[in-house]
Amino acid sequence: MSSWVKFRFSHLRRWREYAEKVAKAVRDLEPNVEVYVIGGVAEDRITVLSDIDILIVVKRKLNNKERKTLREEILLRAMDAYELPFDAPVEIHLEDEDEAKRFFELSKKVIKIL
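Numbering (UniProt numbering), first residue to last: 1 to 114.
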């Protein structure tokens, strides 16, 4: 197994730790949210190309600019305040309650973090 593959899997094995760091950062910035891990990690379908899909459900509508800004602020806060590695393979899905329903319908399993 190549060193890159080992390195990648070492990150993916830490999915819960990384999701909790993101959840703490979200709570600092937007206290009224729910945070879930979805996708391959939640469903035990991890491959070397996987990422850690984190669904953040906010209680208000966001326009595209607010969504982009909040996503960036969450990642920066998670890295700066909670030591999320800059190369952690996390993908943040930032949705309001109505839009999140689509993710719940398509997901075979979700893991609530916050």
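Glycine is no exception: its CB is placed at the ideal position from the N, C-alpha and C atoms.
query                                                                                             : result
Counted within 10 angstroms of its Cβ, other Cβ atoms place D53 as buried (16 or more) or exposed : buried
Burial state of A81, where buried means 16 or more other Cβ atoms lie within 10 Å                 : exposed
D51 beta carbon less than 8 Å from that of E95                                                    : no
C-beta atoms of residue 115 and V26 nearer than 8 Å                                               : Outside the shown range of the chain (1 to 114) lies residue 115, about which nothing can therefore be said.
Under 8 Å between C-beta atoms of D11 and I56                                                     : The amino acid at residue 11 is misidentified as Asp; the sequence shows His. No, these two residues do not count as a Cβ contact at 8 Å.
Between the CA atoms of V48 and F9 - distance to the nearest angstrom                             : 6 Å
For H93: DSSP bridge partner residues                                                             : L55
Bounding residues of the alpha helix (DSSP H) (the contiguous stretch that carries K41)           : Per the sequence presented here, residue 41 reads as Val, with Lys not at that position. Unbroken alpha helix (DSSP H) run through V41: G39 to A42.
DSSP-derived helix/strand/coil call for V22                                                       : helix
Reference residue 148, options V110, D87 and K112, closest by Cα                                  : Outside the modelled stretch of the chain, which goes from 1 to 114, sits residue 148, for which no answer is possible.
Assigned exposure category for L106 - 16 Cβ within 10 Å defines buried                            : exposed
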